[in-house]
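To start, the structure under review is shown below, and the notes come after it.
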Amino acid sequence: MSDATRTTTYDNLARFIADAFIACGMPAEDARKAGALMARADLMGKDGHGVFRLPQYVERIRAGGMNLRPEFRMIEERTATALIDGDNGLGHLVMSHATELAMAKAATTGVAWVGARHSNHAGPAALYAMMPLERDMIGIYVAVGSANHLPPWGGTEMLLSTNPIAFAIPAAERPPIVLDMATTVAAYGKVKTAAQRGETMPEGWMIDRQGNPLTDPARAGEGFLLPIGGPKGYGLALVFGILAGTLNGAAFGRDVVDFNADVRSTTNTGHFIIALDIGAFTDPERFKEGIDEVWAEMKSSPLLPGFDEIRLPGEGLARTMAARRRDGILIPAPLQARLAALADELGVAPL
Numbered sequence: 001m002s003d004a005t006r007t008t009t010y011d012n013l014a015r016f017i018a019d020a021f022i023a024c025g026m027p028a029e030d031a032r033k034a035g036a037l038m039a040r041a042d043l044m045g046k047d048g049h050g051v052f053r054l055p056q057y058v059e060r061i062r063a064g065g066m067n068l069r070p071e072f073r074m075i076e077e078r079t080a081t082a083l084i085d086g087d088n089g090l091g092h093l094v095m096s097h098a099t100e101l102a103m104a105k106a107a108t109t110g111v112a113w114v115g116a117r118h119s120n121h122a123g124p125a126a127l128y129a130m131m132p133l134e135r136d137m138i139g140i141y142v143a144v145g146s147a148n149h150l151p152p153w154g155g156t157e158m159l160l161s162t163n164p165i166a167f168a169i170p171a172a173e174r175p176p177i178v179l180d181m182a183t184t185v186a187a188y189g190k191v192k193t194a195a196q197r198g199e200t201m202p203e204g205w206m207i208d209r210q211g212n213p214l215t216d217p218a219r220a221g222e223g224f225l226l227p228i229g230g231p232k233g234y235g236l237a238l239v240f241g242i243l244a245g246t247l248n249g250a251a252f253g254r255d256v257v258d259f260n261a262d263v264r265s266t267t268n269t270g271h272f273i274i275a276l277d278i279g280a281f282t283d284p285e286r287f288k289e290g291i292d293e294v295w296a297e298m299k300s301s302p303l304l305p306g307f308d309e310i311r312l313p314g315e316g317l318a319r320t321m322a323a324r325r326r327d328g329i330l331i332p333a334p335l336q337a338r339l340a341a342l343a344d345e346l347g348v349a350p351l
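First residue of the sequence shown? That's 1 in our numbering, and the numbers climb one at a time after it.
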């Protein structure tokens, strides 16, 4: 197998990430939790949000821009809501803590909303929306993105980020319905991945400041991402930023720190997670069987010319996870080289 097609297992990837964090001084338990979550992002096919981000996280840690030993604080709490301060910890640790809290509350209240501030980049939105599935709950996650790449509709100053949202809804025999999307046509992680792999971006992802299509990811700094649905996507990005940022006392608008370019400043990233206990509304098993029926009904639609099947949100994710469990997780050659250099710098076993 050539370097360009080298694969690794989920367990080995999680081990490598954890070792890297431990070498940086992160407590072993936190490092293993972060490693498992980041490796799961790669297992899910979210290649711009998994081990790809490790060198960037390590650089930020070394520069003093992230707290390796955060002490989470409860800022506000009511029966079904909470706001936590992540103490500038790794976003994966902050949001896994917030999600556990939301699920615990929802088990009693039926629905719970937990916000977080003073966090950092936390990986793909679906990672947290899917956690409540194991408890027969629906998960909804929103974050303020880690850098601004989107102007208000009709403007040129980048005051908004991709501000992603994810929904996860359990099914009985079918895969869960998982909608994970940025409010832009493409997430910026896909731009970074394309740049590292030397690939061209499709037209429609970005435009330059004169409104011309931008397809070279190496020139991404010369333009900005396009919102989904034009002004509708802009509106979603704005509202999600208010709910995950302003409401939580987290950064939004001009206060957002570019996580990619500034490794020293505290980002004060904001997120929220909603957990909804299906049992508060109906029998969970009957509901999940109903979702299977939704699957069947959607799949039964006649096809337009040029389409070979109807797909539901989360179907591709489920296929990717099954394939990567079976065949391994692909690590492209440029990323292999970067991770090998990182392993050497940190004195840990290579991937």
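Heads up, the beta-carbon is just placed ideally off N, CA and C, and yes, glycines get one too.
- For secondary structure counted as the alpha helix (DSSP H) over 4 or more consecutive residues, the segment 37 to 70 holds these complete runs in sequence order: 54 to 62.
- ALA116 counts as buried, since at least 16 other C-beta atoms from the protein chains shown sit within 10 angstroms of its C-beta.
- Comparing alpha carbon positions, the residue from GLY91, ILE331, PRO132 and THR79 closest to PHE72 is GLY91.
- Exclusion of the five residues before and after ALA28 leaves ILE22 as the residues of its chain whose Cβ lies within less than 6 angstroms of its Cβ.
- Annotation: ALA63 to ALA333 spans about 27 angstroms, alpha carbon to alpha carbon.
- Comparing alpha carbon positions, the residue from THR184, THR183, VAL178 and ALA218 closest to ALA195 is ALA218.
- For ILE228, same chain residues with a beta-carbon under 7 angstroms away, outside a window of 5 residues either side, are THR183, THR184 and VAL185 in chain order.
- In the same chain as ALA187, and ignoring 5 residues on each side of it, the C-beta atoms closer than 6 angstroms to its own belong to THR162, in chain order.
- Contact between SER96 and HIS271 does not hold, since their C-beta atoms are separated by about 11 angstroms, which reaches or exceeds 8 angstroms.
- The continuous beta strand (DSSP E) containing HIS271 extends over residues 269 to 277.
- From the listed residues LEU133, LEU225 and THR109, the smallest Cα separation to MET158 is found for LEU225.
- By the neighbour-count criterion, in which 16 or more other beta carbons inside 10 Å mark a residue as buried, ALA261 falls on the exposed side.
- With contacts defined by Cβ atoms closer than 8 angstroms, ILE207 and PHE167 do not form a contacting pair.
- Scanning its chain for C-beta atoms nearer than 7 angstroms, with the 5 sequence neighbours on each side dropped, one finds around ARG264 the residues ALA63, GLY64 and GLY65, in chain order.
- When only Cα atoms are considered, THR9 and ALA20 end up about 17 angstroms apart.
- The way I'd put it, the segment 146 to 156 does touch the segment 248 to 259; three or more beta-carbon pairs between them come closer than 8 angstroms.
- Excluding residues up to 5 positions away in sequence, ALA14 lie with their Cβ nearer than 7 angstroms to the Cβ of ALA36 in the same chain.
- Rounded to the nearest angstrom, the gap between the Cα atoms of THR108 and PRO132 is 14 angstroms.
- Only exposed fits VAL239, as fewer than 16 other CB atoms lie within 10 angstroms of its CB.
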